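Residue numbers (my numbering): 1 to 153.
So this is what it looks like as structure tokens:
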């Protein structure tokens, strides 16, 4: 039976001066994925990090035995497609975005998958579930927010 849940701690809660060590520590503690909360100061009122941080941390995202630990990128950005491509090129394994931030949700999903990544959507507390009607068969991940985007929580 496959595991239906994953532990994916966000590097947003890490000590930014020690990101590589922080990634190693959460993996040693049992993290299944490493989660990046990417904010652009446009879609949300905060600014975090870009693809260069993802690329720099990719070598740290592995178990002590050397098995890769997936990097899960949650884009709180608008527009979505250019940064999704940049994070795919930087080594992301999963890329999810808010449907409200995409001009064409299905195309954004297909563009992420074309780069070799798994694609997901993120639902804000007020996002209606019918947004999934046209894409449910094409996505690999649904992230349901318990807070409005732009802050940890």
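C-beta: ideal position from N, C-alpha, C; glycine also. Note that this is a predicted model, so its numbers are computed, not measured.
Contacts around residue i, its chain only, beta-carbon distance under 6 Å, and the 5 residues preceding and following it disregarded
i           : result
residue 20  : 60
residue 102 : 80, 108
residue 40  : 77
Nearest residue (CA-CA) to residue i, options the options
i           : options          : result
residue 28  : 63, 102, 144     : 63
residue 138 : 131, 106, 17     : 106
residue 122 : 25, 132, 17, 114 : 132
residue 22  : 75, 110, 142, 57 : 57
residue 13  : 49, 100, 130     : 49
C-beta atoms of residue i and residue j nearer than 7 Å
i           : j           : result
residue 104 : residue 78  : no
residue 93  : residue 71  : yes
residue 51  : residue 31  : no
residue 69  : residue 87  : no
residue 140 : residue 116 : no
Same chain, Cβ closer than 8 Å to residue i, neighbours up to 5 away in sequence not counted
i           : result
residue 125 : 145, 146, 147, 148
residue 134 : 105, 106
Nonlocal neighbours in the same chain, by C-beta distance under 7 Å from residue i, ignoring five residues either side
i           : result
residue 45  : 150
residue 55  : 90, 91
residue 159 : The structure shown does not extend to residue 159, since the chain spans only 1 to 153, so no value can be given for it.
Outcome for residue i when other beta-carbon atoms lying within 10 angstroms are tallied against a minimum of 16
i           : result
residue 96  : buried
residue 34  : buried
residue 128 : exposed
residue 98  : buried
residue 66  : exposed
residue 47  : exposed
residue 16  : exposed
residue 37  : buried
residue 136 : exposed
For residue i: DSSP bridge partner residues
i           : result
residue 47  : 40
residue 76  : 39
residue 62  : 68
residue 131 : BP columns for residue 131 are empty, so no partner.
residue 10  : 35
residue 121 : 97, 142
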